[in-house]
Every structure is written in C-alpha cells, then in structure tokens.
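> FYI, the numbering for the sequence shown is 221 to 624, going by our numbering.
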Amino acid sequence: MNKADFPILKEMVHKRPLVYLDNAATSQKPQAVIDAISEAYTHWNSNIHRGVHHLSQVATKHHEEARQAVATFIGATSSDEIIFTKGTTDSLNALAFSFGETFIQEGDEILVSAVEHHSNIVPWQMLCERKKAVLRHIPLREDLTLDTEAFKGLLNEKTKLVSVAHVSNVLGIINPVEDIIRLAHERGIPVCIDGAQSVPHMPVNVQAPDCDFLAFSGHKMYGPTGIGVLYGKREWLEKLTPHEGGGEMINHVRWSGTTYNELPYKFEAGTPNFVGSYALHKAIEYMQTIGFEAIEAHERELTEYCESQLAAIEGVHIYAAGQPKAGVISFNVYASGNLIHPFDIGTLLDQQGVAVRTGHHCAEPLIDELGVPGTVRVSFGLYNDKEDIDAFIAALKKAVVILS
221 MNKADFPILK
231 EMVHKRPLVY
241 LDNAATSQKP
251 QAVIDAISEA
261 YTHWNSNIHR
271 GVHHLSQVAT
281 KHHEEARQAV
291 ATFIGATSSD
301 EIIFTKGTTD
311 SLNALAFSFG
321 ETFIQEGDEI
331 LVSAVEHHSN
341 IVPWQMLCER
351 KKAVLRHIPL
361 REDLTLDTEA
371 FKGLLNEKTK
381 LVSVAHVSNV
391 LGIINPVEDI
401 IRLAHERGIP
411 VCIDGAQSVP
421 HMPVNVQAPD
431 CDFLAFSGHK
441 MYGPTGIGVL
451 YGKREWLEKL
461 TPHEGGGEMI
471 NHVRWSGTTY
481 NELPYKFEAG
491 TPNFVGSYAL
501 HKAIEYMQTI
511 GFEAIEAHER
521 ELTEYCESQL
531 AAIEGVHIYA
541 AGQPKAGVIS
551 FNVYASGNLI
561 HPFDIGTLLD
571 QQGVAVRTGH
581 HCAEPLIDEL
591 GVPGTVRVSF
601 GLYNDKEDID
611 AFIAALKKAV
621 VILS
C-alpha cells in the first residue's frame, strides 16, 4: 500500500503530519483518480450520447466503459443493471421512490435494521408516510449483532422489501446479509444491500449473496464525489417506475404522453456525471491492481491492532468489541465514571493532526440505543498503516490526560 499515491497525505495539519482516520466518511484520492478528472476536462469534455462529433463520442465511450467496469467489479450479469447516481444516498432515495410508486400499497411493510445510516431510514419513512405503509426494523442482540431470529418473525405477507447495510458505519460489524437474503427470498421478498461501507473494503459480488439491489458511493472507494451506483436485477428494474424525468431517460415525448428509454438510461435523467464515472473507473482499476485479498487482509490487521491498543487504555469502551469488523471502530472514553464528550476528544485529536469522526454518524436511532450522545469513530483505508494507529493512540492518550 503506497501512501505516496495520495498527495493529500503529505499535508500538514496544525503543523503536524496528517493522520487520516475518517475513511468511512470519505476516502482520499490517488493521483490516478485526480489525473483522470483533469484529463476529462482538458481533453474530451462534452455531453454524452447526444453528439455525433468526436468529443461526444470519446466521452460516451469512456462513460459506457466505466459502466461495464462497474458491472464486472460487482459481478452484475449486464451493464444494463448498473445505474449511475450521485451516491449511496441518491441510490437509496431513487429506489425508495421507484419501488414505492410501483409496488407499495397502504398497510404494506418495509423492513430495515437497527444499525442503519439515515440514508437507509429516511427515504423509507418518506415512502411509508406517502403510501400509509409501515417501516419496521430488525433489533439488536446484546452483543450488538442483528437478531436474525427476530428477523424471521418480522417477515410476513405484508413485507414487500428488506433493505439493510452490509456493514454498520458506526460499529463496523459485517451483517449476515447472506442469511437475510436467503430468508427473505424464501418468502419471495426482494432485498436491497447498502454497500457504502463494504464495497471499498472487501470483495462484493451480487451473485454470491444474490441481492436484488445494491447501492454504493464512489467517494468512499477512492473515487470522486458526486458519483454512485444503484445495481438492480433486470427483472426488477424493468418493472420500476422512473424516479426523475427529462433528458436521458426519455424515448419519445409527446403532449399526449412520454415513453421511457431502455435500461439503464430509463433511470438516468439529465446529463450524466461522465467525468465522475471515468474517475470511478480509474479508482476501481487502482484497487484491482492492489487486489482485494490484500486490501481486506491489510485493513483487518489494522482494525485488530487498533482495537487491541484502544482496549489497553483505561476508561475506553469499545462498541461491539471483539466482533469481526470492516475497517471501523467506535468507542468512548470515561474518566472517573463520567463520559468525556466525543466532540472534545475529536477536537484535541485534530489539534495533533489526527482526523477522526465524532457524533451520531448519521445513525441516531443506533446511537440512542447505545445510550450516548455520540461516539468517536476511527476508520481505515488501504493507505493507512500501524504508524498511523500508533500516532492516533499517542494523541488519544494526551487528550484523555487533558480532559480527565
């Protein structure tokens, strides 16, 4: 793993070398991705699909090659099953609207889990309010893993869709999505997987767990902001109502009505982010050059090492300690039995050049269940190393001394 590939890691923060441990929020970008954005705007910037001139043809070629690369990357059967969006949140909102308009009736139920990011809660709440449907959630066991036995009991004839995070963005726990999908499919219920925190860290193949939908973001996997993916099985996408109108998604427009384009363009209204898709393609190539076995093993080693170092500090409480995690650890610090506010910890870490995340991490229902105002979260990327963790631990010990 080469830190030199990431220019921002040479930055100084408060006159200290940057230690970036906020990868679950967004990852830094390798030079190859930065160069791709510059190349696109410098050499072939032009709207795609609509022009017969050279620049438009080149831009279209790169955009569709990126779509095929994403399809191959996640094991989709066709690039037609890849819809480009603005990110995971946009993907889940699009699915909630389209699926809701097509399939949800009053009294129907949508099922999520207790560890969801707001992006996998609020769109379904909005749908349920609009359609007078019901949103339910899978509860947690005492060890903070999902209660799959309770999940079985929640499934019924009214359940129309299950949407769960592959990895908790707060706890880092890898949820049992294979079991969830199998149990849901036994009852003919489709499943959406929020892959925002899994796709950057482990191999994700939509055929293996057989999910019906998968959402993820480019900016968390070393790609640019403003680009994401909604994968859907063709059999579902063909049935769904588009969530936006105009531009790319039309076939013919008449005053008497509009017919929609074929997949995947039916769900891509307006000018696509062709620069973002090209840069996302470069990010995928970068990760594939390293290899996901190497990335996963490296980040697992860092996570275990960091958790062991945290556990040795008096007063530190690690959430879901000992559970297998995908590059995320949440913790709080107590002094004389009193919680040191995570914001204070984060502020003092920042002053020492260490970037972490504090707060509710856009998962307030989970944080409420933990009974705290928030947590301190460290999260790892492929460019992090044990020296970063050692610097973080040293900075944390200083912060605890000051705040105790």
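Glycine is no exception: its CB is placed at the ideal position from the N, C-alpha and C atoms.
If you run the structure through DSSP and keep just helix, strand and coil, what is Gly448?
strand
> I believe Lys372 touches Leu403 by the beta-carbon criterion, under 8 Å. Please report the beta-carbon distance rounded to the nearest angstrom.
Correct: roughly 6 Å between the Cβ atoms.
> Helix or strand or just coil, what does DSSP make of Gly496?
helix
> Check whether the Cβ atoms of Leu241 and Val536 lie closer than 8 Å to each other.
No, Cβ-Cβ distance for Leu241 and Val536 is not below 8 Å.
> Straight-line CA distance for Thr567 to Phe612?
13 Å
> Quick one: residues in its chain with C-beta nearer than 8 Å to the C-beta of Cys582, no 5 flanking neighbours on either side, listed in chain order?
His337, His338, Ser339 and Asn389
> Assuming Asp414 and Lys380 form a contact by the criterion Cβ under 8 Å, report the distance between their Cβ atoms to the nearest whole angstrom.
About 17 Å; that fails the 8 Å criterion.
> Going by beta carbon distance, what residues of the same chain come within less than 6 Å of Phe275, once the five residues before and after it are set aside?
What sits at residue 275 in the sequence shown is Leu, not Phe. Hits under 6 Å: Trp264 and Ser266.
> On a CA-only basis, which of Pro359, Gly320 and Leu238 is nearest Lys352? Give me that one, please.
Gly320
> Using the Cα positions of Ile324 and Thr280, report the straight-line distance between them to the nearest angstrom.
Going by the C-alpha atoms only, they are around 36 Å apart.
> From Leu450 to Glu482, what distance separates their C-alpha atoms?
16 Å
> State the CB to CB distance for the pair Trp521 and Met422, rounded to an integer number of angstroms; the pair is presumed to be in contact (CB under 8 Å).
Contrary to the premise, residue 521 reads as Glu rather than Trp in this sequence. Between Met422 and Glu521 the Cβ distance is about 14 Å, and since that is not below 8 Å, they are no contact.
> Compare the beta carbon distance of Gly448 and Ala503 with 8 Å and say whether it is the shorter of the two.
no
> Got a sec, what are the start and stop residues for the alpha helix (DSSP H) Arg287 sits in?
His274 to Ile294
> Could you tell me which of Gln288, Phe436 and Pro484 sits nearest to Glu458, measuring between CA atoms?
Pro484
> Based on DSSP bridge pairs, tell me the residues matched to Arg236.
Val233
> CB Ala499 to CB Val253, shorter than 8 Å?
yes
> Ignore the nearest five residues each way along the sequence and tell me which others in Gln251's own chain have a CB closer than 8 Å to its CB.
Asp225, Phe226 and Pro227
> Flag this pair as yes or no: are the beta carbons of Arg597 and Val553 separated by less than 8 Å?
no
> For the segment 378-433, which segments carrying the alpha helix (DSSP H) assignment without a break, of at least 4 residues, lie completely within its bounds, in sequence order?
Whole alpha helix (DSSP H) segments, 4+ residues: 397-405.
> Can you list, in chain order, the stretches of the alpha helix (DSSP H) that have 4 or more residues and sit fully within the segment 315-354?
342-351
> Taking 7 Å as the limit between beta carbons, can you name the residues of its chain near Thr305, skipping five residues before and five after?
Taken in chain order, the residues that qualify are Ser311, Ala314, Gly448, Val449 and Leu450.
> Whole angstroms are fine: how far does the CA of Val239 sit from the CA of Gln572?
For Gln572 and Val239, the distance between alpha carbons rounds to 9 Å.
> Determine which residues share a DSSP beta bridge with Thr216 and list them.
No answer is possible for residue 216: the residues shown for the chain start at 221 and end at 624.
> Kindly confirm or deny that the segment 505-519 and the segment 420-437 touch, where touching means at least three C-beta pairs closer than 8 Å.
yes
> How many angstroms separate the CA atom of Phe487 from the CA atom of Leu460?
9 Å
> Between Arg236, Glu607 and Glu534, which has its C-alpha nearest Thr523's C-alpha?
Glu607
> Mark Pro462 as exposed unless 16 or more other C-beta atoms lie within 10 angstroms of its C-beta, in which case mark it buried.
buried
> Along the chain, where does the alpha helix (DSSP H) containing Thr523 start, and where does it finish?
Phe512 to Ala531
> Could you tell me the boundaries of the beta strand (DSSP E) in which Ala370 lies?
Careful: Ala370 lies outside any beta strand (DSSP E), inside the alpha helix (DSSP H) at Thr368 to Leu374.
> Helix, strand or coil for Arg454? Go by DSSP, reduced to three states.
helix
> Applying the criterion that 16 or more other CB atoms from any shown protein chain within 10 Å of the CB defines a buried residue, is Glu406 buried or exposed?
exposed
> Is it right to say Leu588 is buried, meaning 16 or more other beta carbons lie within 10 angstroms of its own, or is it exposed?
Sequence check: residue 588 is Asp here, not Leu. Exposed, since its Cβ has fewer than 16 Cβ neighbours within 10 Å.
> Which residues in the same chain as Thr309 place their Cβ atom closer than 7 Å to its Cβ, once the five residues preceding and following it in sequence are excluded?
Ser339
> What number of angstroms, rounded off, separates the C-alpha of Ser247 from the C-alpha of Glu455?
33 Å
> At the level of alpha carbons, what is the spacing between Cys348 and Ile394?
Distance between the alpha carbons of Cys348 and Ile394: 27 Å.
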